[in-house]
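Numbering (our numbering), first residue to last: 199 to 377.
Written out as C-alpha coordinates, the structure reads:
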(Lines of atoms letter the chains of each structure in order from A and count residues from 1; the text may use other names and numbers.)
(Lines give C-alpha, C1' and ligand atoms only; values in the text may rest on other atoms or scores of the structure.)
Protein backbone atom coordinates (compact mmCIF):
# COMPACT_ATOMS: atom_id res chain seq x y z
CA UNK A 1 0.00 0.00 0.00
CA UNK A 2 1.32 3.47 -0.89
CA UNK A 3 0.10 6.90 0.21
CA UNK A 4 1.17 10.33 -1.07
CA UNK A 5 1.32 13.51 1.02
CA UNK A 6 -1.39 16.05 0.20
CA UNK A 7 1.13 18.86 -0.18
CA UNK A 8 4.09 17.12 -1.82
CA UNK A 9 3.92 14.43 -4.52
CA UNK A 10 7.54 13.52 -3.73
CA UNK A 11 6.64 12.46 -0.16
CA UNK A 12 5.40 8.84 -0.18
CA UNK A 13 4.85 6.19 2.49
CA UNK A 14 4.82 2.49 1.66
CA UNK A 15 3.83 -0.48 3.82
CA UNK A 16 3.90 -4.13 2.82
CA UNK A 17 3.11 -7.39 4.58
CA UNK A 18 4.99 -8.04 7.81
CA UNK A 19 7.16 -4.93 7.69
CA UNK A 20 7.36 -1.45 9.15
CA UNK A 21 6.52 1.39 6.79
CA UNK A 22 9.11 3.04 4.59
CA UNK A 23 9.04 6.64 3.40
CA UNK A 24 10.48 8.53 0.46
CA UNK A 25 11.10 12.24 0.02
CA UNK A 26 12.16 11.96 -3.63
CA UNK A 27 9.17 10.36 -5.32
CA UNK A 28 10.26 6.81 -4.64
CA UNK A 29 13.83 6.94 -5.98
CA UNK A 30 15.02 5.89 -2.53
CA UNK A 31 13.28 4.64 0.62
CA UNK A 32 14.09 4.84 4.34
CA UNK A 33 12.62 2.76 7.15
CA UNK A 34 10.22 4.66 9.43
CA UNK A 35 10.60 4.78 13.21
CA UNK A 36 7.93 4.09 15.84
CA UNK A 37 5.38 2.27 13.65
CA UNK A 38 4.19 -1.31 14.14
CA UNK A 39 5.76 -4.03 12.03
CA UNK A 40 2.50 -5.84 11.31
CA UNK A 41 0.02 -3.20 10.18
CA UNK A 42 -0.33 -5.13 6.94
CA UNK A 43 0.04 -8.81 7.71
CA UNK A 44 -0.03 -10.26 4.21
CA UNK A 45 1.50 -9.56 0.83
CA UNK A 46 -1.65 -10.71 -0.95
CA UNK A 47 -2.48 -7.86 -3.29
CA UNK A 48 -6.28 -8.29 -3.46
CA UNK A 49 -7.05 -8.33 0.24
CA UNK A 50 -9.54 -6.01 1.92
CA UNK A 51 -7.09 -4.38 4.35
CA UNK A 52 -6.21 -0.78 3.64
CA UNK A 53 -4.39 0.47 6.74
CA UNK A 54 -2.45 3.42 5.31
CA UNK A 55 -3.76 6.84 4.25
CA UNK A 56 -2.47 10.36 3.92
CA UNK A 57 -4.27 13.33 5.42
CA UNK A 58 -5.74 15.09 2.41
CA UNK A 59 -5.47 18.50 4.06
CA UNK A 60 -2.62 18.58 6.61
CA UNK A 61 0.89 18.74 5.17
CA UNK A 62 3.16 15.68 5.49
CA UNK A 63 0.62 13.83 7.66
CA UNK A 64 -0.11 10.11 7.39
CA UNK A 65 -2.17 7.58 9.38
CA UNK A 66 -1.49 3.87 9.85
CA UNK A 67 -3.98 1.44 11.35
CA UNK A 68 -2.51 -1.31 13.52
CA UNK A 69 -5.51 -3.64 13.45
CA UNK A 70 -3.73 -6.35 15.46
CA UNK A 71 -2.90 -3.92 18.27
CA UNK A 72 -6.05 -1.76 18.11
CA UNK A 73 -4.06 1.45 17.61
CA UNK A 74 -4.05 4.28 15.11
CA UNK A 75 -0.59 5.67 14.42
CA UNK A 76 0.09 9.14 13.05
CA UNK A 77 3.09 10.75 11.41
CA UNK A 78 3.35 14.52 10.97
CA UNK A 79 6.85 14.52 9.46
CA UNK A 80 6.22 12.75 6.16
CA UNK A 81 6.28 9.21 7.52
CA UNK A 82 9.71 9.31 9.14
CA UNK A 83 8.41 9.01 12.72
CA UNK A 84 5.13 7.60 14.07
CA UNK A 85 3.26 7.92 17.37
CA UNK A 86 0.03 6.40 18.72
CA UNK A 87 -2.80 8.82 18.02
CA UNK A 88 -5.55 6.57 19.41
CA UNK A 89 -5.75 3.28 21.29
CA UNK A 90 -9.59 3.19 21.32
CA UNK A 91 -9.97 0.62 18.55
CA UNK A 92 -10.55 -3.10 19.00
CA UNK A 93 -8.20 -5.62 17.50
CA UNK A 94 -9.25 -7.16 14.22
CA UNK A 95 -8.07 -10.25 12.40
CA UNK A 96 -8.77 -8.97 8.90
CA UNK A 97 -10.90 -6.71 6.72
CA UNK A 98 -9.85 -3.34 8.16
CA UNK A 99 -10.04 -0.12 6.18
CA UNK A 100 -9.24 3.43 7.21
CA UNK A 101 -10.65 6.58 5.57
CA UNK A 102 -10.60 10.29 6.40
CA UNK A 103 -12.38 13.45 5.33
CA UNK A 104 -10.69 16.46 3.78
CA UNK A 105 -10.78 20.25 3.88
CA UNK A 106 -12.87 21.50 6.79
CA UNK A 107 -13.89 17.86 7.43
CA UNK A 108 -10.38 16.43 7.84
CA UNK A 109 -11.27 15.75 11.48
CA UNK A 110 -13.71 12.98 10.40
CA UNK A 111 -12.31 9.44 10.22
CA UNK A 112 -13.88 6.01 9.86
CA UNK A 113 -12.50 2.49 10.31
CA UNK A 114 -14.20 -0.72 9.23
CA UNK A 115 -13.11 -3.54 11.54
CA UNK A 116 -14.80 -6.60 10.00
CA UNK A 117 -16.70 -8.47 12.72
CA UNK A 118 -15.96 -5.65 15.19
CA UNK A 119 -18.10 -3.25 13.16
CA UNK A 120 -17.62 0.38 12.19
CA UNK A 121 -15.69 2.89 14.31
CA UNK A 122 -15.91 6.68 13.87
CA UNK A 123 -13.84 9.66 14.99
CA UNK A 124 -14.80 13.33 14.89
CA UNK A 125 -11.48 14.64 16.25
CA UNK A 126 -8.93 13.57 13.66
CA UNK A 127 -8.37 10.09 15.05
CA UNK A 128 -7.62 10.99 18.66
CA UNK A 129 -10.67 9.02 19.84
CA UNK A 130 -13.00 6.53 18.18
CA UNK A 131 -16.42 5.20 19.13
CA UNK A 132 -18.31 2.24 17.74
CA UNK A 133 -21.27 2.85 15.47
CA UNK A 134 -23.77 0.18 16.52
CA UNK A 135 -25.55 -0.10 13.17
CA UNK A 136 -23.32 -2.87 11.77
CA UNK A 137 -22.53 -6.32 13.12
CA UNK A 138 -19.84 -6.60 10.43
CA UNK A 139 -18.26 -3.75 8.48
CA UNK A 140 -16.08 -5.18 5.74
CA UNK A 141 -15.26 -2.01 3.79
CA UNK A 142 -15.75 1.73 4.26
CA UNK A 143 -15.39 4.66 1.86
CA UNK A 144 -15.90 8.37 2.20
CA UNK A 145 -17.32 10.54 -0.55
CA UNK A 146 -18.45 14.02 -1.41
CA UNK A 147 -21.13 15.60 0.72
CA UNK A 148 -24.79 15.60 -0.26
CA UNK A 149 -25.79 18.89 -1.90
CA UNK A 150 -26.83 21.40 0.75
CA UNK A 151 -24.80 19.75 3.51
CA UNK A 152 -21.19 20.00 4.65
CA UNK A 153 -20.71 16.44 5.94
CA UNK A 154 -19.02 13.85 3.69
CA UNK A 155 -21.05 10.79 2.72
CA UNK A 156 -20.01 7.44 4.26
CA UNK A 157 -20.45 4.16 2.40
CA UNK A 158 -20.12 0.79 4.15
CA UNK A 159 -20.20 -2.73 2.79
CA UNK A 160 -21.39 -4.63 5.82
CA UNK A 161 -24.12 -6.48 7.71
CA UNK A 162 -27.13 -4.81 9.34
CA UNK A 163 -29.88 -7.02 10.82
CA UNK A 164 -28.37 -10.07 9.11
CA UNK A 165 -28.40 -8.47 5.65
CA UNK A 166 -25.19 -7.86 3.69
CA UNK A 167 -25.31 -4.71 1.59
CA UNK A 168 -23.84 -1.36 0.71
CA UNK A 169 -25.17 1.27 3.09
CA UNK A 170 -24.94 5.07 2.92
CA UNK A 171 -24.98 7.80 5.55
CA UNK A 172 -25.17 11.51 4.79
CA UNK A 173 -24.76 12.54 8.44
CA UNK A 174 -21.58 10.69 9.45
CA UNK A 175 -23.23 7.56 10.78
CA UNK A 176 -26.33 8.81 12.60
CA UNK A 177 -28.70 7.50 9.93
CA UNK A 178 -28.20 4.83 7.23
CA UNK A 179 -30.00 3.82 4.04
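Where is the CB? At the ideal position from N, CA and C, for every residue including glycine.
Could you tell me the boundaries of the beta strand (DSSP E) in which residue i lies?
| i | result |
| --- | --- |
| residue 266 | 262 to 266 |
| residue 374 | Taken as a continuous stretch (DSSP letters only), residue 374 belongs to no beta strand (DSSP E), as it is neither H nor E. |
| residue 297 | 296 to 300 |
| residue 217 | It is not in any beta strand (DSSP E) - residue 217 carries neither H nor E in the DSSP assignment. |
| residue 201 | 200 to 202 |
| residue 285 | 283 to 286 |
| residue 271 | 271 to 275 |
| residue 210 | 210 to 212 |
| residue 254 | 252 to 254 |
Just tell me which of the options has its CA closest to the CA of residue i.
| i | options | result |
| --- | --- | --- |
| residue 297 | 350, 223, 279, 253 | 253 |
| residue 304 | 332, 344, 328 | 344 |
| residue 308 | 351, 259, 260, 281 | 351 |
| residue 334 | 372, 279, 357 | 357 |
| residue 288 | 325, 258, 306 | 325 |
| residue 349 | 237, 300, 233, 372 | 372 |
| residue 215 | 281, 238, 223 | 238 |
| residue 285 | 208, 234, 316, 259 | 234 |
| residue 206 | 277, 318, 317, 251 | 277 |
| residue 209 | 317, 306, 260, 282 | 260 |
| residue 258 | 199, 250, 306 | 306 |
| residue 236 | 329, 283, 319 | 283 |
Near residue i, what residues of its chain come up, given a Cβ to Cβ distance below 6 Å and the 5 sequence neighbours on each side ignored?
| i | result |
| --- | --- |
| residue 256 | 204, 302 |
| residue 211 | 201, 219, 221, 262, 279 |
| residue 225 | 208 |
| residue 317 | 330, 334, 337 |
Short of 7 Å in beta carbon distance, which residues of its chain neighbour residue i, apart from the five on each side in sequence? Order them along the chain.
| i | result |
| --- | --- |
| residue 375 | 369 |
| residue 231 | 218, 220 |
| residue 327 | 286, 288, 321 |
Going by beta carbon distance, what residues of the same chain come within less than 8 Å of residue i, once the five residues before and after it are set aside?
| i | result |
| --- | --- |
| residue 227 | none |
| residue 360 | 333, 334, 335, 367, 376 |
| residue 342 | 299, 300, 301, 308, 310, 352, 353, 354, 355 |
| residue 229 | 212, 220, 221, 222 |
| residue 323 | 307 |
Any Cβ of chain C within less than 8 Å of the Cβ of residue i?
| i | result |
| --- | --- |
| residue 335 | This model lacks chain C altogether, as it is built from one protein chain only. |
Give a yes or no on contact between the segment 286 to 293 and the segment 311 to 319, applying the rule of three or more CB pairs nearer than 8 Å.
yes
Inter-stretch contact (C-beta, 8 Å, three-pair minimum) for the segment 267 to 285 and the segment 335 to 354:
no
Start-end ranges of the beta strand (DSSP E) lying completely within the segment 314 to 366, minimum 3 residues
318 to 321, 329 to 331, 336 to 343, 353 to 360
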